[in-house]
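Single-structure report; data block below.
Protein chains in written order, with this note's numbering: chain A, 6 to 259; chain B, 454 to 776.
Here you go:
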């Protein structure tokens with residue numbers, strides 16, 4: 006992850022540049038070879054990683070904000086508001102994720118906005134559910150009751166007393182949502198409905214690589230490996246955060 | 454009595470969700486740029502031709518009237534006909550269900566018979582030796598391996614080097630079981646990697662949580678054999694989250710493993726629905742998504758009931774755990 010961000014900044018090269026012959030295997034000038042239009046894969050890959058991570062991060066941020074607001078309110082208030090939010094969430098949850106993403110892409114039109122909207126809609130149900138559960142549990146605690154009794158106003162209770170205590174859940178789920186987001190972007194772009202070429206993203210590169218797999222297998226191996234590493238490292242961070250915030254998990258390992 | 458009212462509430466909730474899903478899909482379909490008439494007739498059709506086609510399928514009625522018509526028919530079990538093939542949607546879906554179903558069954562069986570033992574093993578061995586770490590790393594890698602990457606690579610390897618299994622060329626199981634399995638084993642394997650890894654991880658977490666319970670320590674102190682402890686004390690207490698995960702995976706797979714079906718050119722439900730979205734074949738998308746949502750809801754109920762059977766403390770009629 007760090008490597009991906011770092012290299013994006015300095016190791017540039019023009020991704021669109023026709024650097025050499027088509028479908029060349031890796032060589033000293035083009036470390037990862039060239040693609041079907043003669044573009045060097047290294048800058049394409051860097052652009053692709055950047056686009057994918059940026060898209061997914063923005064989308065997951067949006068998910069986090071929305072889920073946090075909805076989840077905390079629903080968990081704290083309970084009653085009718087809780088029922089309404091949970092019904093909506095269940096509605097989205099009932100859609101298979103790729104079908105949902107494809108419907109979104111068809112409505113918005115293929116492209117980056119579609120990929121982002123799809124990621125938000127796919128990741129929002131689970132996160133809202135878990136934040137709500139955490140918030141409901143926290144809202145029963147004595148310090149919340151005493152805050153209510155001493156006349157603290159509602160927004161302040163939510164922000165000062167409830168939010169900090171569900172932030173662990175948000176961080177853990179946000180991390181997992183990021184890896185789901187990358188997968189959704191990849192799948193959607195792979196089907197030709199997400200990011201559109203010539204713009205590169207990991208999904209686009211893998212799809213292009215798949216077409217020329219027989220003649221130039223390096224075109225799919227490099228982005229594939231990068232994608233797997235990205236998701237793997239995000240999941241590891243997620244596991245780490247979870248072990249920290251949910252101590253029951255680590256108790257047995259000590 | 455409490456169970457009865459639970460069923461009523463559950464059924465009402467399911468019905469509301471299904472109606473909600475159908476409305477959402479309906480709205481999404483009508484909001485897509487390029488309606489059915491435009492998509493079918495192409496860019497050179499005259500306004501008049503478009504209007505005529507729209508009229509034939511009742512697409513010139515108001516959206517509300519269209520939805521009402523669809524809802525009435527759907528409640529009577531009639532999901533309309535495909536506007537492309539003119540075949541009843543229900544027939545087409547049921548002819549494709551075996552493909553999707555077979556894929557799902559194969560992957561879920563792999564998850565149960567490989568994923569669960571793997572998870573138990575990595576949890577029990579967590580401190581003993583390196584085996585736990587290796588298993589943990591492998592399952593971590595498995596859940597990070599997207600099916601479009603793995604699938605592409607598998608398609609490449611097997612279509613290039615002809616390793617005795619076929620890519621594509623689906624044959625119904627009834628016609629030729631051997632050819633069917635040859636065509637299905639690769640896509641099922643691609644799906645299994647995720648199913649097995651996710652199951653192994655969840656099982657491992659669940660078992661680790663049970664391992665710290667006092668009754669396990671007590672059993673060890675009594676000198677019971679490890680195999681007996683696992684069977685008698687651990688499996689049942691760790692089962693709930695695993696059951697929930699496996700039913701979720703099943704629902705996901707039955708909704709159509711779209712990318713795998715697309716890669717391996719299988720005539721399943723997922724590829725059918727995706728194709729229909731592209732062609733604006735409204736009735737097909739509507740029915741396909743509804744089917745997936747219904748499967749999801751039913752399996753959720755099944756998961757709740759199973760969890761209740763395994764551990765009555767968590768059952769649907771359990772009290773004292775409100776909120």
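No residue lacks a Cβ here, since even glycine has one placed at the ideal position from N, Cα and C.
Item	Value
Chain-ordered chain A contacts of residue 473 of chain B [CB-CB under 9 Å]	92, 93, 95, 96 and 99
Contact with chain A by residue 750 of chain B, beta-carbon distance below 8 Å	yes
From B/696, B/697, B/662 and B/700, residue whose alpha carbon lies closest to that of residue 449 of chain B	This structure leaves residue 449 of chain B out entirely; chain B is present only between 454 and 776.
Beta-ladder partner(s) of residue 541 of chain B, from DSSP	B/534
Proximal chain A residues relative to residue 708 of chain B, where beta-carbon distance stays under 7 Å	101 and 104
Check whether residue 125 of chain A and residue 79 of chain A have beta carbons under 8 Å apart	no
Option nearest residue 71 of chain A by Cα separation, candidates A/90, A/192 and A/59	A/90
Extent of the continuous alpha helix (DSSP H) run through residue 658 of chain B	630-664
Nearest-angstrom beta carbon gap, residue 486 of chain B and residue 114 of chain A [assumed within contact, 8 Å]	6 Å
At least three beta-carbon pairs within less than 8 Å, the segment 698-708 of chain B to the segment 647-660 of chain B	yes
Alpha-carbon spacing of residue 73 of chain A relative to residue 748 of chain B, whole angstroms	29 Å
CB of residue 640 of chain B within 8 Å of CB of residue 556 of chain B, strictly	yes
Neighbourhood of residue 729 of chain B by C-beta distance below 6 Å, restricted to the same chain and skipping five residues each side	737 and 738
Secondary structure of residue 623 of chain B, DSSP reduced to three states	coil
Boundaries of the alpha helix (DSSP H) in which residue 124 of chain A is found, first to last residue	117-144
Chain-ordered neighbours of residue 598 of chain B on chain A, where CB pairs are closer than 7 Å	233
Simplified DSSP assignment, three categories, for residue 720 of chain B	coil
Environment of residue 85 of chain A [buried if 16+ CB atoms lie within 10 Å]	exposed
Residue from A/127, A/122, A/131 and A/174 with nearest C-alpha to residue 143 of chain A	A/174
Distance CB(residue 61 of chain A)-CB(residue 226 of chain A) smaller than 8 Å	no
Between the CA atoms of residue 698 of chain B and residue 758 of chain B - distance to the nearest angstrom	14 Å
Contacts of residue 192 of chain A in chain B (Cβ-Cβ under 9 Å)	599, 600, 601, 711 and 712
Inter-residue spacing [alpha-carbon to alpha-carbon] between residue 726 of chain B and residue 741 of chain B	6 Å
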